[in-house]
Amino acid sequence: MAQKNCATHDYLQQQLQQDPSLLVKYQRADAITSNHLHNEIISGATGGSNGQLPVIKIPVVIHVVYNTSDQNISEAQIRSQIEVMNKEFRLQHADTNKIPSAFRSLAADTYIEFALATVTPKGYATNGIVRKKTDRYMYGMDDKIKFSSTGGDEAWDSDKYLNIWVGNLVSGVIGYSSVFGGPKEKDGIVVLYSAFGNTGKLSGTYTKGRTVIHELGHWMGLRHIWGDITCGNDGIDDTPMQKAATRGCPSGVLPSCNNEAGGAMYNNYMDLTNDECMNMFTIGQMQKMRASFASEGPHAALSHSNAASAIPLPEPATPVVNPEVSPLIKLYPNPAQSNITIDISSQENLIGQNLTIHNQLGQQVLTVKLSQLQTRVNLQQLKEGIYFVRIGQQTKPYKLLKTGSVINP
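So for the sequence shown, our numbering puts the first residue at 473; every next one is plus one.
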């Protein structure tokens, strides 16, 4: 790929055309992040408590949507991208010495970090990576990659996960981001598989994982540094006004629209230079991005998600019963916190039988007589753990998991 082409601005225009009502939602969310001044931002930006801000930790799920083996990128490539995200957003990457002297005082640690999810939306274990084989060879910016009905993969709850789709994109597009106010099922970023991470199946001049950094900037409310029009306004006070996108990997001072001494900030993540030349967000950009997680911001709920730290539930056991007893007997929920229901509607002959529960040592800990078609069994006296449920003369039991407090991924 000769040039980096971010399609986020075009995507926004497309979405507004398809749904004119989105404009009001977008403008409201953008205004909130532009105007929201919460105390921790002011404190951190002006020195505050050692100039440090609370770290915002974001759970991430990667949807790898692939047609060929090359597009099915490795876990190592995925994890390299997460590492890049953390280093770039915390200003801990190896290229900080390349930040032009005129801009070093503006370079910001955003105090935003990312981690692959440890639990699925249902609370079960995951490595934060979903792989989906598709018949489609490539995708445009029409969001087909986000829905199984069009050959993609559905988003996980965007209040609990940052969704990143990785796949093969049409020529000329390297990535795009959803927009403030858009539908939850489309929330997240889409990135070309060969521009994802800093190892593995990479190509072109976008091999340091910074395409994702650029798109995440959009996802948190940043515009392109040139404002998407000649000498436009990106809404950030401390970025120089720039005539247009910068390509390649320039050096020295390039003139800005107002001829500031430092020139154009072509090393900013929100320009379109090669990965090698991108190395900073400004303090103003940091404030704008963090505001998206503030109490009224579009990503407020996500900042409270524990989906990258919650302890997973064990996978639900498949009931195993004696062949003489119908598998239509229902036991639910499983896992269970305080109660289970035994439904023998299809086996009325079991009314009057005893239900017994044994622990893993074989000790009987509970007995209940099934006096009706649906019997509710109180488990509160049982400790957390694995139990075995038998009905009548069954020799093979149902396996039951008794849990404690509900995990909120």
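For each residue, glycine too, the CB sits at the ideal point set by N, CA and C.
Y870 counts as buried, since at least 16 other C-beta atoms from the protein chains shown sit within 10 angstroms of its C-beta. Closest by C-alpha distance to S620, out of V849, P727 and K658, is K658. In the structure shown, C721 adopts coil according to DSSP, grouped into three states.
Nearest Cα to C749 within the set D567, Q489, Q524 and N821: D567.
Following the DSSP letters along the chain, one finds F561 inside the alpha helix (DSSP H) bounded by residues E547 to F561.
Counting C-beta pairs closer than 8 Å gives three or more between the region 754 to 772 and the region 696 to 716, which meets the contact rule. For A763, the uninterrupted alpha helix (DSSP H) run begins and ends at I755 to A763, by DSSP.
Shown here, N740 sits in a strand according to DSSP, grouped into three states. Bounds of any alpha helix (DSSP H) do not take in G639; it lies within the beta strand (DSSP E) bounded by L634 to G639. Annotation for T847: the continuous beta strand (DSSP E) segment containing it runs Q846 to N850.
The three-state reading of DSSP puts N811 in strand, counting E and B together. For A479, the closest alpha carbon among the candidates G654, M610 and H690 is that of H690. Straight across, the Cα-Cα distance linking T679 with V638 is about 15 Å.
Excluding residues up to 5 positions away in sequence, N751 lie with their Cβ nearer than 6 Å to the Cβ of K570 in the same chain.
In this model, K868 and V861 are separated by some 9 Å (Cα to Cα). By DSSP's assignment, G857 forms a beta bridge with K874. Closest by C-alpha distance to Y738, out of L873, V496, S723 and I829, is S723.
Around the beta carbon of D542, fewer than 16 other beta carbons sit within 10 angstroms, so the residue counts as exposed.
Of the residues assessed, D607 falls on the exposed side of the cut-off, its CB having fewer than 16 other CB atoms within 10 angstroms. For E585, the uninterrupted beta strand (DSSP E) run begins and ends at I584 to L588, by DSSP.
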